[in-house]
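The block underneath contains the structure these notes are about, expressed in structure tokens.
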Amino acid sequence: MEPSLESLVERAEDGDKAALEALVRRIQDRIYGLALRMLWHPADAEDATQEILIKIVTHLSDFRGESAFTTWVYRIASNYLLTTRKRRAEFEELTFERFADQLSTGLSDAPLQVPEAEQKLLIEEVKIGCTQGMLLCLDREHRIAYILGEIFEVTGEEGSYILSITPAAFRKRLSRARERIRTFMQNNCGLVTPSNPCHCARRVYHAIQIGRVDPNNLLFARHPARRRQDAATLEKVQELEELQRAAAIFRSHPDYIAPDTFVEGVKKLIASGKFKVFGG
């Protein structure tokens, strides 16, 4: 039976290096998934995850058991992501209005001159990149509330603890973010409203032309993941009530696997003696 995260924390605080490494392996994908949705680009998410893990492993003694350990992890991660410097995708300063204008141009029904398997990957790349781009139209406070509440489905109590706000304030932020995302997708996204002109396949050619998608370096479609949607997922979305479709699309994104470098980074951190990791 796999040990609980809380037991790994106790063992790590007692100086068990193997327990600390196991703890990092168990939480790194969660942190990376949150960072990727907040920052859009995998390289920025990787850098942020490394910094967050350092904060966590050097402050394990601050965990008092007032919540589940994963909730505490999200609290540390969210605080970092809300206060860190702007990353590359955020410098575009996207708004829903500007994004809608972008989606209304460059649509093409011209067939892609690539094998079918490659077409599917390109369409997937556009879909994920575009929907994650929608999150960037929210300010950071509403973006993280949406990710936590709508995508990760934390409760109001958990969300309030993670963000250090009242449950009512968390619910209000989530409601505002949910309404903005839902309205935008209903008015612009063909996945939610099939009559909308913008469909992922129609955007691929333009996305490649303007450099938004690099067929030789797909950021999302080839990213290692534990779960990817099956072919029927998007068909199932159309069976849902329209109000539920936006959330279902975001939840259908893959469960990305964090790079293998994080555990090695923690090992180096321990060996360096630069930070106090273990309790004394």
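Residue numbering for the sequence shown follows the working numbering, starting at 8 and increasing by one per position. We treat Cβ as the ideally placed atom computed from N, Cα and C, and that holds for glycine.
Looking at residue i and the ligand GTP, is the gap between the Cβ and the nearest heavy atom below 7 Å?
i: His-206; result: By its list of ligands, the structure shown contains no ligand whatsoever, and the ligand GTP lies outside what it can speak to.
Within the continuous alpha helix (DSSP H) that includes residue i, where are the two ends?
i: Ala-208; result: 207-216
i: Asp-51; result: 49-64
i: Glu-17; result: 12-20
i: Val-270; result: 268-279
i: Asn-86; result: 76-90
i: Met-45; result: 24-46
In the DSSP assignment, the beta strand (DSSP E) including residue i goes from what residue to what residue?
i: Cys-232; result: The question names Cys, yet the displayed sequence has Ala at residue 232. Ala-232 -> beta strand (DSSP E) spans 232-234.
From the options, pick the residue whose C-alpha is nearest to that of residue i; which is it?
i: Ile-217; options: Gln-109, Ser-279, Val-199; result: Gln-109
i: Leu-43; options: Glu-104, Phe-257, Gln-193, Gly-163; result: Phe-257
i: Ala-50; options: Leu-225, Leu-276, His-66; result: Leu-225
i: Asn-6; options: Ala-107, Leu-41, Arg-189, Leu-129; result: In the structure as shown, the chain starts at 8 and stops at 287, and residue 6 therefore has no counterpart that could be examined.
i: Cys-137; options: Met-192, Ala-117, Asp-23; result: Met-192
i: Met-45; options: Glu-271, Arg-150, Arg-178; result: Arg-150
i: Ala-254; options: Arg-234, Leu-181, Glu-271; result: Leu-181
i: Cys-196; options: Arg-219, Gln-139, Thr-173; result: Gln-139
i: Arg-234; options: Gln-251, Ser-259, Val-211, Arg-18; result: Ser-259
i: Ala-52; options: Arg-18, Met-8, Ala-26, Glu-97; result: Glu-97
i: His-206; options: Gly-22, Glu-248, Asp-116; result: Asp-116
i: Arg-33; options: Met-8, Arg-18, Thr-77; result: Thr-77
i: Phe-70; options: Pro-122, Glu-99, Leu-15; result: Leu-15
i: Gln-126; options: Gly-22, Pro-222, Pro-10, Thr-112; result: Pro-222
i: Gln-251; options: Leu-128, Leu-27, Lys-275, Thr-190; result: Thr-190
i: Ser-111; options: Val-64, Lys-275, Asn-194, Glu-9; result: Asn-194
i: His-230; options: Thr-268, Pro-10, Leu-128; result: Leu-128
Using 8 Å as the threshold, is the C-beta distance between residue i and residue j below it?
i: Glu-13; j: Gly-72; result: yes
i: Ile-264; j: Asp-54; result: no
i: Ala-232; j: Asp-262; result: yes
i: Arg-105; j: Leu-145; result: no
i: His-48; j: Arg-94; result: yes
i: Val-161; j: Ala-214; result: no
i: Gly-166; j: Ala-152; result: yes
i: Leu-143; j: Leu-101; result: yes
i: Ala-168; j: Ser-68; result: Reading the sequence as shown, one finds Tyr at residue 168 and not Ala. The answer is no: Cβ separation not under 8 Å.
i: Thr-56; j: Ile-83; result: no
i: Pro-204; j: Leu-114; result: yes
i: Ile-130; j: Ala-208; result: yes
i: Val-273; j: Val-80; result: no
i: Val-270; j: Leu-198; result: no
i: Glu-170; j: Phe-177; result: Just to set this straight, residue 170 is Leu in the shown sequence, not Glu. Yes. Within cutoff.
i: Ile-277; j: Lys-62; result: no
i: Arg-147; j: Leu-89; result: yes
i: Leu-119; j: Val-211; result: yes
i: Glu-157; j: Arg-185; result: yes
Identify the residues that DSSP records as bridge partners of residue i: which are they?
i: Asp-262; result: Arg-234
Practice task
Please list the segments of the alpha helix (DSSP H) lying wholly inside the region 96-176, counting only runs of 4 or more residues, in order along the chain.
Solution key: 103-110, 123-143, 147-153, 163-170
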